[in-house]
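The next block holds one structure in the form of structure tokens; read it before the comments.
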Amino acid sequence: MNVAEFRTNLRAWLDENDLTPPPGNHSLDAHHAQHSRVLRALYDAGWMRWGWPESAGGLGGPMILRAIVGEEVVGRRLDEPGPYSMLEVLTPTMIDYARPELAAEMVPRLLSGSETWCQGFSEPGSGSDLASLTTRAEQRGDAWVVNGQKVWTSFAQYASRCVLLTRTGGPDTPNHEAITAFFVDIDSPGITVRPLRTMHGVDEFCEVYFDDVVVPADRMLGSPGDGWKLAMDLLPYERSTCFWQRIAYLYARFDALVDEVKDLGQAADSEMGEAYLALHTLRCRSWATQHRLADGHKLGPDTSIDKVLLAGAEQQLYDTARDLLPGAIELDDTDWRTEFLYSRAATIYGGTAEVQRNIIARRLLDLGKE
Amino acid sequence: MADPSDLELLEDGLRKTMLSTSGAELDAALTELGWADMLTEMPEQAVPLVFRLLGETGSHASVLNDVVQQAADRELGATPALPYAGGGWVVWDYQATTGSTLGGLPLRRVEDGGLLRLADARRALGWWLVGASRAMLALARQHALDRVQFGRPIAGFQAVRHRLAETLVAIEGAEATLSLSGADNPDLTALLAKAAAGKAALTTVKHCQQVLGGIGFTAEHDLHVHVERVLVLDGLLGSSKELTRKAGAGLRARGSVPRLVDL
Numbered sequence: 013m014n015v016a017e018f019r020t021n022l023r024a025w026l027d028e029n030d031l032t033p034p035p036g037n038h039s040l041d042a043h044h045a046q047h048s049r050v051l052r053a054l055y056d057a058g059w060m061r062w063g064w065p066e067s068a069g070g071l072g073g074p075m076i077l078r079a080i081v082g083e084e085v086v087g088r089r090l091d092e093p094g095p096y097s098m099l100e101v102l103t104p105t106m107i108d109y110a111r112p113e114l115a116a117e118m119v120p121r122l123l124s125g126s127e128t129w130c131q132g133f134s135e136p137g138s139g140s141d142l143a144s145l146t147t148r149a150e151q152r153g154d155a156w157v158v159n160g161q162k163v164w165t166s167f168a169q170y171a172s173r174c175v176l177l178t179r180t181g182g183p184d185t186p187n188h189e190a191i192t193a194f195f196v197d198i199d200s201p202g203i204t205v206r207p208l209r210t211m212h213g214v215d216e217f218c219e220v221y222f223d224d225v226v227v228p229a230d231r232m233l234g235s236p237g238d239g240w241k242l243a244m245d246l247l248p249y250e251r252s253t254c255f256w257q258r259i260a261y262l263y264a265r266f267d268a269l270v271d272e273v274k275d276l277g278q279a280a281d282s283e284m285g286e287a288y289l290a291l292h293t294l295r296c297r298s299w300a301t302q303h304r305l306a307d308g309h310k311l312g313p314d315t316s317i318d319k320v321l322l323a324g325a326e327q328q329l330y331d332t333a334r335d336l337l338p339g340a341i342e343l344d345d346t347d348w349r350t351e352f353l354y355s356r357a358a359t360i361y362g363g364t365a366e367v368q369r370n371i372i373a374r375r376l377l378d379l380g381k382e
Numbered sequence: 681m682a683d684p685s686d687l688e689l690l691e692d693g694l695r696k697t698m699l700s701t702s703g704a705e706l707d708a709a710l711t712e713l714g715w716a717d718m719l720t721e722m723p724e725q726a727v728p729l730v731f732r733l734l735g736e737t738g739s740h741a742s743v744l745n746d747v748v749q750q751a752a753d754r755e756l757g758a759t760p761a762l763p764y765a766g767g768g769w770v771v772w773d774y775q776a777t778t779g780s781t782l783g784g785l786p787l788r789r790v791e792d793g794g795l796l797r798l799a800d801a802r803r804a805l806g807w808w809l810v811g812a813s814r815a816m817l818a819l820a821r822q823h824a825l826d827r828v829q830f831g832r833p834i835a836g837f838q839a840v841r842h843r844l845a846e847t848l849v850a851i852e853g854a855e856a857t858l859s860l861s862g863a864d865n866p867d868l869t870a871l872l873a874k875a876a877a878g879k880a881a882l883t884t885v886k887h888c889q890q891v892l893g894g895i896g897f898t899a900e901h902d903l904h905v906h907v908e909r910v911l912v913l914d915g916l917l918g919s920s921k922e923l924t925r926k927a928g929a930g931l932r933a934r935g936s937v938p939r940l941v942d943l
């Protein structure tokens, strides 16, 4: 598979098959409908299947093809980066941890947009300290019964399934061996989904309550105690292919900003240059990361550097928009407002800026324990 | 093209030489080691290697002149006028001068200079800045582990750890921009890489100086050599601030943002 040729063909296909979202409607419902529409079309044309193994309904080929599809889809603003990125987080997890038959049955539903899934990790009492989570699963005969609460569960209100982390070990089991993952149907009796209102006005995050929810044993992902490893294994994907999509999105928004500030002349040069330097640095770093992954290297704590660069560049871009478009965020109801506000979370979600620096200090600089 | 084991040998040899000599003596030693041939036959490997090692060892040589001459297809051994921050010009002499340049580099101001292709030289300086940054980070890291206050190594304090983490992020980011081949737009790629390296080096100076505390402010500690070197090299061929502004002006002229690298 020639990567450059793949990209050229994909671009030509996207030029011919217009998947631009219908104008005017910026609601989350509209985003969800657009997400399903774009995925369906891309799946039927094969694009969405490249880079995934044939055993799970894919067409094979190197992983880097997925990053190229993601860059085009998100960079062209056909799908929002949030919903699209869920594919990259959840699909590898299913392929690596679900029973092969379950992965083969379910993955095509996700990739074709006929279903969306969510990721039940964080809890009210377990944010940065994820391993302290308390949602319990107890075995009763052939099934497991789940009780507890998740929070920050993106798009749970649209999801059909949830990749859920639970505690199965007793009080004496070390945290990292006490966690078990399940693939749970969201329409199971006992599950309540409640969207959270957030400061940027998009209710994508939910609270999810589990009240005696029965999960069949064959929906366990991996074995009892594999949950922590599953969560850690997912990070390299989140921090490689997902980041590449997000970077494509930020470049698209930066293109728009270049256009909007063109009348400012030289006065904008320094700040625009700073924003560009941050984005370019991030893109170069992420490029190297994609290639390391493609060459078969195992990604680890080094991706904390990518994460710090991404959060910094993203916030800097929107700070620049606020500085150079005075009032656009505060006085006018523009996309810049929503995005500026959302960008404040970039140093919080997916591992806070502080946790990343702790990892870099401990694992990359070998500074020992705090 | 040299194979990896040859490069390792070369790196060891260069490092030893740079640790024992500097200035005009190092120029002579590099000539003996075949610098001119390296520059013509394997510049993609030799330039990053030699300039990074200058930074790591804290040594200096006037090899930047050769990179500039080579890019212009001119004979090596000359001292072209090089642009300096603020619209100034300098030359990098081969012999030690009794000039006023910070940190003892043989640079002196001249009145005027001509247009030069600077992409290769900017990348070379970028590697030098990254090498110096890595040297400073290594010094600060070791100090944080050795220095005990309040009954424990200061490396245990999160405020110190986060400064050093921030430093590594800046250096790794800059190195990523330097590693981009930049075939699409060599001038812009090199400009951004020099800007990123200069910025990372200044960030490194700030954090490492702080972590090293009082000892890092003395002339008996090695930090100052790197700090002074970085300040001079950041200004040479355009400071990080100037180059960044220039990149911003380029966006305005073009009306869109060059991606510069595809998967």
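Each protein sequence line maps, in turn, to chains A and B.
Take 13 as the starting number for the first sequence in this note's numbering and just add one per residue.
Take 681 as the starting number for the second sequence in this note's numbering and just add one per residue.
Yeah, the Cβ is synthetic: ideal placement off N, Cα and C, and Gly gets one too.
For this session: Mind listing the chain B neighbours of Q46/A? Cutoff is C-beta to C-beta under 7 Å, in chain order.
Result: Simply none; closest approach about 24 Å.
Problem set entry | Residue of Q829/B, L819/B and V849/B minimising C-alpha distance to G324/A | For G324/A, the nearest C-alpha among the options comes from V849/B.
Exercise. Can the beta-carbon of S252/A be found closer than 8 Å to that of L321/A?
Worked result: Not in contact: S252/A and L321/A (Cβ atoms no closer than 8 Å).
Problem set entry | Contact set between the region 260-272 of chain A and chain B, restricted to residues whose Cβ is under 8 Å from the partner | Answer set for the region 260-272 of chain A: Y263, F266, D267, V270 and D271.
Problem set entry | Residue from A24/A, D281/A, L291/A and E342/A whose Cα sits closest to the Cα of L262/A | Relative to L262/A, the option among A24/A, D281/A, L291/A and E342/A whose CA is nearest is L291/A.
Problem set entry | Q151/A - containing beta strand (DSSP E), residue span | Where Q151/A is concerned, the enclosing beta strand (DSSP E) stretches over R148 to R152.
Problem set entry | Chain-ordered neighbours of A927/B on chain A, where CB pairs are closer than 7 Å | Correct list: G285, Y288 and L289.
Problem set entry | the region 297-313 of chain A: positions lying closer than 7 Å to chain B by Cβ | Here the close residues are R297, W299, A300 and Q302.
Exercise. Within 8 Å (strictly less), CB to CB, does R173/A reach chain B?
Worked result: No - not a single Cβ of chain B is within 8 Å of the one on R173/A.
Exercise. Apart from the five residues on each side of it in sequence, which residues of its chain come closer than 8 Å, Cβ to Cβ, to V912/B?
Worked result: Excluding the 5 residues flanking it on each side, V912/B has same chain C-beta neighbours closer than 8 Å at T781, L782, G783, L785 and L787, in chain order.
For this session: Please determine, among L734/B, R932/B and V941/B, the residue with the shortest C-alpha to C-alpha distance to Q278/A.
Result: The shortest C-alpha to C-alpha distance from Q278/A to any of L734/B, R932/B and V941/B is the one to R932/B.
Exercise. With respect to the beta strand (DSSP E) encompassing L177/A, which residues constitute its N-terminal and C-terminal limits?
Worked result: R173 to R179 is the span of the beta strand (DSSP E), which, as asked, contains L177/A.
Exercise. So, is the C-beta of E326/A closer than 8 Å to a C-beta in chain B?
Worked result: No, E326/A lies away from the interface with chain B (no Cβ there is under 8 Å from its Cβ).
Problem set entry | CB contact check: L940/B to chain A, cutoff 8 Å | For L940/B, the answer is yes, since a Cβ of chain A falls inside 8 Å of its Cβ.
Problem set entry | Exposure label - A333/A; buried when at least 16 CB within 10 Å | For A333/A, the number of other beta carbons within 10 angstroms of its own is at least 16, and it is reported as buried.
Exercise. Between the C-alpha atoms of V727/B and D267/A, what's the straight-line distance to the nearest angstrom?
Worked result: Going from the Cα of V727/B to the Cα of D267/A covers about 34 Å.
Problem set entry | Neighbour-count burial assignment, T898/B, 16 or more Cβ in a 10 Å radius | When all chains shown are included, T898/B counts as exposed.
Problem set entry | Closer than 7 Å at the beta carbon, the chain B residues around T206/A | Correcting the residue type first, residue 206/A is Arg in the shown sequence and not Thr. The premise fails here: R206/A is roughly 35 Å from chain B at the closest Cβ pair, so nothing lies under 7 Å.
Problem set entry | DSSP-derived helix/strand/coil call for Q829/B | Q829/B: strand per DSSP, three-state reduction.
For this session: Assign L343/A to one of two classes, buried (16 or more other C-beta atoms within 10 Å of its C-beta) or exposed (fewer than that).
Result: Counting every other CB atom within 10 Å of its CB across the protein chains shown gives L343/A a total below 16, marking it as exposed.
Exercise. Is any heavy atom of the ligand COA found at a distance shorter than 7 Å from the C-beta of E100/A?
Worked result: With respect to the ligand COA, the structure offers nothing, as it holds no ligand at all.
Exercise. Taking buried to mean at least 16 other C-beta atoms within 10 Å of its own C-beta, is E92/A buried or exposed?
Worked result: The residue is buried, with at least 16 neighbouring Cβ atoms inside 10 Å.
Problem set entry | 8 Å Cβ cut-off: residues of chain A touching G935/B | By Cβ distance, chain A contributes V270, D271 and K274.
Problem set entry | Proximity test, Cβ basis, 8 Å: L872/B and chain A | Yes - at least one Cβ of chain A is within 8 Å of the one on L872/B.
For this session: Closer than 8 Å by C-beta to L22/A: which residues in its own chain qualify, once you throw out the five before and the five after it? Chain order, please.
Result: Here the set comprises W59, I80, V81 and E84.
Problem set entry | Through-space distance from E691/B to G878/B, alpha-carbon basis | Cα to Cα, G878/B sits roughly 24 Å from E691/B.
Exercise. Considering only C-alpha positions, which residue in the set Q890/B, A881/B and A873/B is nearest to I940/B?
Worked result: First, the residue type needs correcting, since residue 940/B is Leu and not Ile in the sequence shown. Nearest C-alpha to L940/B: A873/B.
Problem set entry | Cβ neighbour criterion (16 or more within 10 Å) applied to P248/A | With 16 or more neighbouring CB atoms inside 10 Å of its own CB, P248/A falls in the buried class.
For this session: Consider the Cβ of R803/B: report whether some Cβ of chain A lies at a distance smaller than 8 Å.
Result: No, no contact with chain A.
Exercise. Mind checking if T359/A is an interface residue toward chain D, Cβ cutoff 8 Å exclusive?
Worked result: Absence of chain D from the displayed structure is noted, the protein chains being A and B.
Problem set entry | Through-space distance from T192/A to S936/B, alpha-carbon basis | Those two C-alpha atoms are separated by around 48 Å.
Exercise. Expressed to the nearest angstrom, what Euclidean distance is found between the alpha-carbon atoms of V220/A and L805/B?
Worked result: For V220/A and L805/B, the distance between alpha carbons rounds to 54 Å.
For this session: Establish whether the CB of L321/A and some CB of chain B are separated by less than 8 Å.
Result: In terms of beta-carbon proximity, L321/A lines the interface with chain B, with at least one pair separated by less than 8 Å.
Problem set entry | Cβ-Cβ distance between V1/A and L337/A below 8 Å | Since the first residue shown for chain A is 13 and the last is 382, residue 1/A is missing from the structure and cannot be characterised.
Exercise. Which partner residues of Y764/B appear in the DSSP bridge assignment?
Worked result: G768/B and L916/B.
Exercise. Going by alpha carbons, who is nearest to F222/A out of G72/A, R61/A, F133/A and R297/A?
Worked result: The candidate whose alpha carbon is nearest that of F222/A is F133/A.
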